[in-house]
Amino acid sequence: MAMPQNSTRENGFCFTQPLDFSCPSTCPGEAGQPFGALDGSDGCSTPLSNGLASSGAPSPSDSCAEPLCTPTPAEEETPFQEGIKYVSAEGEELACGWGGFTPGCLQLCNTSKGVLFFLCVASFLQGMTVNGFINTVITSIERRFDLRSYQSGLIASSYDIAACLCLTFVSYFGGNGHKPRWLGWGVLVMGLGSLLFALPHFTTGPYEARSAAQVGVCGGNQSLPCSQAASSLSGYRFVFMLGQFLHGMGATPLYTLGVTYLDENVKTNYSPVYIAVFYTAAILGPAAGYLVGGLFLNIYTEIGREIDIAPENTLWVGAWWIGFLGAGAASLLISIPILGYPQRLPGSQRYIVMRVSEAHQLKDGSHKKASDPDFGKTVKDLPRSVLLLLKNPTFIFLCLAGATEATLIAGMSTFGPKFLESQFSLSASEAATFFGYLVVPAGGGGTFLGGFLVNKFKLRCSGIIKLCLLCTVSSLVAIFIFFIHCPNMPMAGVTQMYDGSALPGGHLNLTAACNAQCGCLQETYSPVCGTDGIMYYSPCHAGCKRVSENLRNGKKVYHECSCVDKALLPGSGSAEAGKCTSSCAKKPLLLCFMFVVILFTFLSSIPALTATLRCVSDRQRSFALGIQWIVVRTLGGIPGPIAFGSMIDKSCLLWQDQCGEQGSCYVYQNSAMSRYTLVAGLVYKVLGTTFFVVACLLYKPPAPGSSDASENGTSDLQEHKPSLPAEEDI
């Protein structure tokens, strides 16, 4: 009997001729002989997809495996009622459980959807903790533990530093090991990091805030001496850094091994959808962190103690630690089921057999080394693995494109709330909440839609890269919206003189005749909005002498303000705590195009990740993701906020004065902020577009029908059949 012909397709391969099992007495693998029995009754064995043999001995996976082809009623009458079985490597156990404890009820979760659910919960917790809670509470931590801005910056960077140090080790050895165990232990370590991050609250004394009923009023300013500004509490920054370091270590397997574990256990066409759902959960996490963290900050840090200051007061410290306790406990719990999953899911072997390789073809044919089953299991193969990836130009330029997109995402997530706060004159909490509402539909929807489009149109690797290019060009066009901006709200002594005239030479002048006798200090920044529509640095700088016990719209009202124009309203001028409300007519247009920029930026994330997985050999997927994450973090995630921050700081009008040292920026010039944001966005978007174009041009797919096009499929089934032509060196 002649060997059955096969044709390679997107979803795997199919036989154009039916398999003939009519001669059970002959072994396959000899030229001119038909397929033999698969039950091993004659002492023969059949090489299968793993390069192993299926013998008469029962395999632990027999109860879980499924046949490649569903037999017809006629075929069921033959001696081969069980069809083709898939055996797991070295007889591995495919049941879900912990050691010998594998109850039947747990097997209901032993599916790709079950794995997806638990990994989504883990990624949600990681995003909520690292990208949500940390960014929300960093100001409260600075105030509570007397930290400087650069010290809090080190705390935030500790996560990326830990990830970069662990990525090579975890992706290389975890990629060839038991992925669920690496994932489970990683989530557990991440939970320990969250609990450690909350520890300083319980090891320090209670927070004491001064009664601030009269602080900031004309003649009532009080300030701590500069010698008392620093305290021993700043040493707790090392505890926070260690907590962030554990966060980085624990999250490392999640976005490398977790992605490849999902990809290996579902159909090739469904893989982008599963990965998109996984990453959507990771994006919804920060949005939840912003919202929930903001709610916790409205609770005083010393729960149960009465205090006479409100959350709007600069001395207020919210309950920053509650979120980390909850996230830490949830991470410890979710790690338990993840640790119970097998090395591969039951029935997943058929997807590996059907998988079609789309790996980039190297001219010297060295890409075939990665298809060796023994490749990558020892440290000595590590340099060769790195070399194979470095020789893959498509992979390299996809990494560089990912780094440019990561720079924008990191800068956007860090300074997006600050941009909204400045442009629309919002409070910090309002801007963070507003930005969270913007990111949920745009970021989450874009991430899921990207994976859906790849699956819907059944795109191959080259088509996926073109989709990424289209998304990048679309966001590049939309980013020109930063040409427009909202005007600054008038602020006495900062954007204009107290009498409404322009500042001479652009220099600040917070002192005027109306507040000269008040003895106002620049350390006390508490903006108020006068009834004349002008904003003032503080109630003292507005010349206010009395604060009302009655609240207006939930805010304090200051009276007898000598600097507020009394011509508009009869009687003495008054001011309300907080910034003046902006009535910018360009607000809807700005928000609409910001939505488009975020949408298309995230829309290309899952297609780019899918293209990375497909342009490398199967055995290098986890390691390739690890290397990509290192490139993305070192070139994008870590320097991104620094680059954006340094450009935005150039637009600062009013700096904080901390005992003669320059602190953070209080007021930005909106036109300059928009201009610098546009420049940074254009530079990185143009680079990203260029990298995607080069990756698309240099990609060389396997030739149709070649052995490289089916490295995990038919080549394994046919590798011992001498009737096939020799492999061509592509």
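Residues 1 to 730 (full-length UniProt numbering) are what the sequence shown spells out, left to right.
No residue lacks a Cβ here, since even glycine has one placed at the ideal position from N, Cα and C.
The model shown is predicted, which means the values in this text are computed figures rather than measured ones.
Length of the line joining the Cα atoms of T256 and L625
C-alpha of T256 to C-alpha of L625: approximately 5 angstroms in a straight line.
Check each candidate in A287, N509, G402 and name the one with the smallest Cα separation from G443.
Among A287, N509, G402, the Cα nearest to that of G443 is on A287.
Under 8 angstroms: do the stretch 488 to 498 and the stretch 514 to 534 share three or more Cβ pairs, one atom per stretch?
Contact holds: three or more Cβ-Cβ distances are below 8 angstroms.
Please classify A703 as buried or exposed, where buried requires at least 16 other C-beta atoms within 10 Å of its C-beta.
It is exposed - the Cβ of A703 has fewer than 16 other Cβ atoms within 10 Å.
On a Cα-Cα basis, can you pick out the residue from F133, A276, G177, G573 that is closest to L325?
Here the closest residue by C-alpha is F133.
Could you pull out every residue in the same chain whose Cβ sits closer than 6 angstroms to the Cβ of N265, ignoring the five residues on either side in sequence?
So the list reads S112, L345, S348, once near-sequence residues are dropped.
Per-residue DSSP class, three states only, for E405
If DSSP states are grouped into helix, strand and coil, E405 belongs with the helices.
Quick one: what does DSSP say F457 is sitting in, helix, strand or coil?
Reduced to three states, the DSSP call for F457 is coil.
Rounded to the nearest angstrom, how far is the Cβ of P253 from that of G153, given a contact under 8 angstroms?
So it is not a contact: roughly 26 angstroms between Cβ atoms.
Among K556, R621, L510, S548, the one whose alpha carbon lies nearest that of H541
Considering only alpha carbons, the answer is L510.
Output needed for S671: all residues of its chain with C-beta closer than 6 angstroms, excluding positions within five of it in sequence on either side, in chain order.
Here the set comprises H485.
Could you say which of Y290, G411, L470 lies nearest to S646 if we only look at CA atoms?
Measuring from the Cα of S646, the nearest candidate turns out to be G411.
I need the straight-line Cα distance from D381 to D618, nearest angstrom please.
For D381 and D618, the distance between alpha carbons rounds to 15 angstroms.
For K267, name the three-state secondary structure that DSSP assigns.
Reduced to three states, the DSSP call for K267 is coil.
Determine the DSSP secondary structure at C218, reduced to helix, strand or coil.
Correct three-state label for C218: coil.
Close beta carbons around C563, own chain, < 8 angstroms, minus the five adjacent residues each side
If the five residues before and after C563 are omitted, its C-beta is found closer than 8 angstroms to the C-beta atoms of A492, Y498, A512, C514, N515, G530, Y536, H541, A542, G543, G573, all from its own chain and listed in chain order.
Opposite M535 in the DSSP bridges: which residues?
Residue pairing by DSSP places M535 opposite M491, C529 in a beta bridge.
Going by CA-CA distance only, name the one from F202, L635, L291, D160 that's closest to I303.
When only C-alpha atoms are compared, the closest one is F202.
Should R305 be labelled buried (16 or more other beta-carbon atoms within 10 Å of its own) or exposed?
By the neighbour-count criterion, in which a residue is buried when 16 or more other Cβ atoms sit within 10 angstroms of its Cβ, R305 is exposed.
Alpha carbon of Q522 to alpha carbon of D657, nearest angstrom:
Just so you know, the alpha carbons of Q522 and D657 end up roughly 7 angstroms apart.
Note down the Cα distance separating A282 from S123, rounded to an integer number of angstroms.
S123 has its alpha-carbon roughly 5 angstroms from the corresponding atom of A282.
Under a three-way DSSP split, which group does P272 fall into?
It is helical.
Contacts around E142, its chain only, beta-carbon distance under 7 angstroms, and the 5 residues preceding and following it disregarded:
Beyond the five residues adjoining it in sequence on each side, E142 comes within less than 7 angstroms, by CB distance, of S152 in the same chain, given in chain order.
Is DSSP giving W316 helix, strand or coil here?
DSSP places W316 in coil when its eight states are reduced to three.
Determine the burial state of P588: buried for a count of at least 16 other Cβ atoms within 10 Å of its Cβ, exposed for fewer.
Within 10 angstroms of the beta-carbon of P588 lie fewer than 16 other beta-carbons, which makes it exposed.
Who are the near neighbours of C696 in its chain, counting only those whose CB is closer than 7 angstroms to its CB and skipping five residues on each side?
Closer than 7 angstroms at the Cβ level, and outside the excluded window around C696, lie S462, I465, K466, L469.
Beta bridge counterpart(s) of F101 as assigned by DSSP
DSSP, once it has assigned bridges, lists W98 as partnering F101.
Given 8 angstroms, three or more beta-carbon pairs between the stretch 176 to 187 and the stretch 332 to 341
Output reads yes: the stretch 332 to 341 touches the stretch 176 to 187.
Let me make sure I understand the geometry here. Which of F600, I409, C218 has the alpha-carbon closest to that of H559?
Looking at the Cα atoms, C218 is the closest of the given residues.
Residue of N269, W320, F101, C615 minimising C-alpha distance to L195
When each option's Cα is compared against that of L195, the closest is W320.
Where F238 falls: helix, strand or coil (DSSP):
Of the three classes helix, strand and coil, the one that applies to F238 here is helix, per DSSP.
Go ahead and label S54 buried or exposed: buried means 16 or more other beta carbons lie within 10 angstroms of its beta carbon, across all protein chains shown.
Confidence at S54 is low in this model, with a pLDDT of 40, below 50, so its placement is unreliable and the value that follows should be read with caution. Buried, because 16 or more other Cβ atoms sit within 10 Å of the Cβ of S54.
Would you be able to state if there are at least three C-beta pairs under 8 angstroms between the stretch 424 to 439 and the stretch 581 to 599?
The stretch 581 to 599 is in contact with the stretch 424 to 439.
Return the residue from the list Y159, N455, V686, P417 that minimises the CA-CA distance to Y437.
With respect to the C-alpha of Y437, the residue from Y159, N455, V686, P417 having the closest C-alpha is P417.
Option in K545, S271, A577, A478 with minimal Cα separation from P527:
Nearest of K545, S271, A577, A478 to P527, Cα basis: A577.
Buried or exposed: where does Q517 fall if 16 or more other Cβ atoms within 10 Å of its Cβ makes it buried?
Classification of Q517: exposed, given that the 10 Å Cβ count is below 16.
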